[in-house]
Amino acid sequence: MLLVAVLLTAAAVSGLLVALATAVYVRRRQRSYLLIVLAFTALFARAIVALLAASNTIPTAFHHVLEHGLDVVMACLVVAAVYYARTVERANTQ
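Residues 12 to 105, numbered by the working numbering, are exactly what the sequence shown covers, in order.
Pasting the structure below:
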């Protein structure tokens with residue numbers, strides 16, 4: 012029961028982060044912000060995958076593969092956002 016409560020909280024908070032990041036992206040319209048939206052979406056998806064595993068909807072082994080895959084996606088998106096903001100967007104403003 013506690014696990015489900017924690018996972019629901021994680022899903023709600025990460026969903027809120029997706030909504031806030033989307034609002035910022037709509038306002039700024041820069042690719043680095045879009046990459047952050049996608050990273051937060053991967054975080055949200057990770058919470059959903061954990062909830063599905065906790066409810067025995069998906070097998071535990073598949074859950075681990077999905078979660079680790081989403082971790083890689085998140086890390087790559089954050090690195091890409093920082094790189095893009097520091098190199099490409101900075102070069103466009105000079």
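For glycine and all other residues, C-beta sits at the position ideal for the given N, C-alpha and C.
In this text the structure is predicted, and so the values were computed from the model without any measurement.
Cβ pair residue i, residue j closer than 8 Å
| i | j | result |
| --- | --- | --- |
| Ser25 | Leu54 | yes |
| Val48 | Tyr36 | yes |
| Ile59 | Ala30 | no |
| Ala34 | Leu88 | no |
| Ala91 | Leu19 | no |
| Ala65 | Glu78 | no |
| Ala96 | Ser43 | yes |
Cutoff 7 Å; reference residue i; Cβ partners in own chain excluding five residues on either side
| i | result |
| --- | --- |
| Ala56 | Leu81 |
For residue j and residue i, the rounded distance between their alpha carbons
| i | j | result |
| --- | --- | --- |
| Val15 | Thr71 | 15 Å |
| Gln41 | Leu28 | 17 Å |
| Asn103 | Tyr94 | 14 Å |
| Asn67 | His74 | 10 Å |
| Ala32 | Arg38 | 10 Å |
Three-state class that DSSP yields for residue i in the structure shown
| i | result |
| --- | --- |
| Ser66 | coil |
| Met12 | coil |
| Arg101 | helix |
| Arg57 | helix |
| Arg40 | coil |
Contacting residues, own chain, Cβ-Cβ under 6 Å from residue i (five flanking each side not counted)
| i | result |
| --- | --- |
| Thr52 | Val29 |
| Val84 | Ala53 |
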